[in-house]
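*Asks:*
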Amino acid sequence: MNLQEYMDIAPEVRQALYEGKPVVALESTIIFHGMPYPQNLECAARCEELIRAGGAVPATTAVVEGRIKVGLTHEDIDRMTERGHVLKMSRRDIARVVSGKEDGATTVASAVIIAELAGIPVFATGGIGGVHRGVQESFDISADLPQIAQSNVCVVCAGAKSILDIGFTLEYLETWGVPVLGYRTDEFPAFYTRKSGYAVDCRMESAEEIAQMLRAKWDLGLRGGVLVGCPVPERYAMDEAPINAAIEKALAEAKAQRIHGKESTPFILSKVLEATGGASLETNIQLVQNNCRTAAEIAAAYCALL
Ligand code: PSU
Ligand code: MN
Numbered sequence: 001m002n003l004q005e006y007m008d009i010a011p012e013v014r015q016a017l018y019e020g021k022p023v024v025a026l027e028s029t030i031i032f033h034g035m036p037y038p039q040n041l042e043c044a045a046r047c048e049e050l051i052r053a054g055g056a057v058p059a060t061t062a063v064v065e066g067r068i069k070v071g072l073t074h075e076d077i078d079r080m081t082e083r084g085h086v087l088k089m090s091r092r093d094i095a096r097v098v099s100g101k102e103d104g105a106t107t108v109a110s111a112v113i114i115a116e117l118a119g120i121p122v123f124a125t126g127g128i129g130g131v132h133r134g135v136q137e138s139f140d141i142s143a144d145l146p147q148i149a150q151s152n153v154c155v156v157c158a159g160a161k162s163i164l165d166i167g168f169t170l171e172y173l174e175t176w177g178v179p180v181l182g183y184r185t186d187e188f189p190a191f192y193t194r195k196s197g198y199a200v201d202c203r204m205e206s207a208e209e210i211a212q213m214l215r216a217k218w219d220l221g222l223r224g225g226v227l228v229g230c231p232v233p234e235r236y237a238m239d240e241a242p243i244n245a246a247i248e249k250a251l252a253e254a255k256a257q258r259i260h261g262k263e264s265t266p267f268i269l270s271k272v273l274e275a276t277g278g279a280s281l282e283t284n285i286q287l288v289q290n291n292c293r294t295a296a297e298i299a300a301a302y303c304a305l306l
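Structure, rendered in structure tokens:
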């Protein structure tokens, strides 16, 4: 298979990969579904700046008119926005978006698939999808989890929102052998808050320590991803009570309206955003940017080992 038949890697990203320099892959659902305009574009631009400041090259992923893009440009984003609603594209949607020459925004699952195809071992996002609360009835488990277990990519996130069952999410990751590292934390973070009540598998203090672990894992043929939980900086963390109240309310609304499948996560997220207003948006922006900084450090440290 000739990858070029399907994929366009931006010249800057291609050059960095060729020279063995650090690259950080990014998803694009956060741009098209996760944040309102214009904060989404400002945040995307700032993330790229921070990754560059950390000595790495940013590579935002998406599918544009059927072409897989690694290094999405501002023009691509504008064109996609002008064409209207952009599909939230998880693993199972990639092939038909490509073959149908459509546009698709990457989730964590599809972004790590694309990152691995392009040879990018480090990826940053806000929060991952996971096992949903009430999974006993809904059977709702994000395709992010099996994909993180499968792809050789280090996923830097601020944990998982408590719209999910964080305990079950961590159990799933343990079953499938995904190391869950806490970046300077003993607890897996809960996105808006620094703590979830659940311990990480292993605490790490530096990007170098994480990079060494990645190298050992993949050298030993232990295929699959590593999840790094990076708590939102203290001053941007939210109080637990209002965020939990907003989440409970959003979950009840989703249940009442029988929202399910791929609509579930975007629906709950938009209701939480609505209920908490600007406060949760600012937290979201700050934690994504913080993850980009950390991911750039990890990418640089990993390249230094090769
Ligand atoms: N959770 C968040 N913010 C997000 C998402 C999840 O807190 O933006 C997005 C990510 O793109 C993630 C996707 O990969 O939703 C998961 O969707 P689903 O649960 O349908 O797999
Ligand atoms: Mn789901």
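Residue numbering for the sequence shown is 1 to 306, as defined by our numbering.
Every residue gets a Cβ at the ideal spot worked out from N, C-alpha and C, and that includes glycine.
For clarity, every value in this text was computed on a predicted model and none was experimentally measured.
Quick check: the region 212–225 against the region 264–277, are at least 3 beta-carbon pairs closer than 8 Å?
*Replies:* At 8 Å Cβ cutoff, the stretches do not touch.
*Asks:* Going straight from the alpha carbon of L222 to that of N152, what length do you get?
*Replies:* Translated into the one-based positions of the sequence shown, residue 222 becomes position 222. Translated into the one-based positions of the sequence shown, residue 152 becomes position 152. If I take the Cα positions, the gap works out to 9 Å.
*Asks:* Going by DSSP in three states, M204 sits in which element: helix, strand or coil?
*Replies:* What you label residue 204 is simply residue 204 of the sequence shown in a count that begins at 1. Of the three classes helix, strand and coil, the one that applies to M204 here is strand, per DSSP.
*Asks:* Is it the case that the CB of I94 approaches a heavy atom of the ligand PSU more closely than 7 Å?
*Replies:* In the sequence shown, residue 94 corresponds to position 94, counting from 1. No, the beta carbon of I94 sits no closer than 7 Å to any heavy atom of the ligand PSU.
*Asks:* Please name the residue, chosen from I51, N290, L72, that lies closest to G126 on a Cα-to-Cα basis.
*Replies:* Translated into positions along the sequence shown, residue 126 becomes position 126. Comparing Cα-Cα distances from G126 to each of I51, N290, L72, the minimum goes to N290.
*Asks:* Given V272, which residues of its chain have a CB within under 8 Å of its CB, disregarding the five upstream and five downstream residues?
*Replies:* The count along the sequence shown starts at 1 and reaches residue 272 at position 272. Counting only Cβ-Cβ distances below 8 Å, and skipping sequence neighbours, we find K161, I163, I243, A246, I247, A250, S280.
*Asks:* Within 7 Å: the Cβ of G127 and any heavy atom of the ligand PSU?
*Replies:* Along the sequence shown, one-based indexing puts residue 127 at 127. The answer is yes for G127.
*Asks:* Would the beta-carbon of I30 fall within 8 Å of that of I77?
*Replies:* Along the sequence shown, one-based indexing puts residue 30 at 30. Along the sequence shown, one-based indexing puts residue 77 at 77. No. Outside cutoff.
*Asks:* What is the C-beta distance between V178 and A149, in whole angstroms, given that I count them as a contact (C-beta under 8 Å)?
*Replies:* Within the sequence shown, residue 178 is the residue found at index 178, counting from 1. Within the sequence shown, residue 149 is the residue found at index 149, counting from 1. Yes, V178 and A149 are in contact; Cβ-Cβ is about 5 Å, under 8 Å.
*Asks:* At the level of alpha carbons, what is the spacing between R194 and E274?
*Replies:* Within the sequence shown, the letter at position 194 stands for residue 194. Within the sequence shown, the letter at position 274 stands for residue 274. Between R194 and E274, the C-alpha separation is close to 22 Å.
*Asks:* Compute every distance between the C-beta of Y66 and the non-hydrogen atoms of the ligand PSU, then say whether any falls below 7 Å.
*Replies:* Counted from its first residue, the sequence shown places residue 66 at position 66. Contrary to the premise, residue 66 reads as Gly rather than Tyr in this sequence. G66: no, Cβ never under 7 Å from the ligand PSU.
*Asks:* In the DSSP assignment, the alpha helix (DSSP H) including Y172 goes from what residue to what residue?
*Replies:* One-based indexing of the sequence shown puts residue 172 at position 172. 166–175 is the extent of the alpha helix (DSSP H) around Y172.
*Asks:* Please give the ranges of any beta strand (DSSP E) in the region 7–44, keeping only runs that are unbroken, at least 3 residues long and fully inside the region.
*Replies:* Within the region 7–44, the complete beta strand (DSSP E) runs of at least 3 residues are 7–9, 23–26.
*Asks:* Please say whether E27 and T106 have beta carbons closer to each other than 8 Å?
*Replies:* Residue numbering aside, residue 106 sits at position 106 when the sequence shown is read from its first letter. Residue numbering aside, residue 27 sits at position 27 when the sequence shown is read from its first letter. Yes; because the gap between Cβ atoms is below 8 Å, this pair is in contact.
*Asks:* Going by DSSP, what residues sit across from A59 in a beta bridge?
*Replies:* Here residue 59 refers to the residue found at position 59 when the sequence shown is read from its first residue. According to DSSP, which records beta bridges pairwise, A59 is partnered with A25.
*Asks:* Tell me the DSSP secondary structure of C157 in three-state form.
*Replies:* Taking the first residue of the sequence shown as 1, we reach residue 157 at position 157. DSSP places C157 in strand when its eight states are reduced to three.
*Asks:* Measure the alpha-carbon distance for A158 versus G229 and round it to whole angstroms.
*Replies:* Here residue 158 refers to the residue found at position 158 of the sequence shown. Here residue 229 refers to the residue found at position 229 of the sequence shown. The straight-line gap from Cα to Cα measures roughly 5 Å.
*Asks:* Could you tell me if the beta carbon of D239 falls within a distance shorter than 7 Å of some heavy atom in the ligand MN?
*Replies:* Within the sequence shown, the letter at position 239 stands for residue 239. The answer is no for D239.
*Asks:* When you compare each of A304, F191, P22, V155 to S110 by their alpha carbons, which one comes out closest?
*Replies:* Here residue 110 refers to the residue found at position 110 of the sequence shown. The residue with the shortest Cα to Cα distance from S110 is V155.
*Asks:* Going by alpha carbons, who is nearest to V23 out of I51, H33, A44?
*Replies:* Walking along the sequence shown from the start, residue 23 turns up at place 23. Ranking I51, H33, A44 by Cα distance to V23 puts I51 first.
*Asks:* Assuming T294 is part of the alpha helix (DSSP H), what are its boundary residues?
*Replies:* Indexing the sequence shown from 1 puts residue 294 at position 294. Where T294 is concerned, the enclosing alpha helix (DSSP H) stretches over 278–305.
*Asks:* For the ligand PSU, is there a heavy atom less than 7 Å away from the beta-carbon of D144?
*Replies:* Indexing the sequence shown from 1 puts residue 144 at position 144. At least one heavy atom of the ligand PSU is nearer than 7 Å to the Cβ of D144, so yes.
*Asks:* Count the other CB atoms, across all protein chains shown, that sit within 10 Å of the CB of L72; report buried if there are 16 or more and exposed otherwise.
*Replies:* Working through the sequence shown from its first residue, we reach residue 72 at position 72. Buried.
*Asks:* R79 lies in the beta strand (DSSP E); which residues open and close that run?
*Replies:* Along the sequence shown, one-based indexing puts residue 79 at 79. No beta strand (DSSP E) contains R79, which is instead part of the alpha helix (DSSP H) from 74–82.
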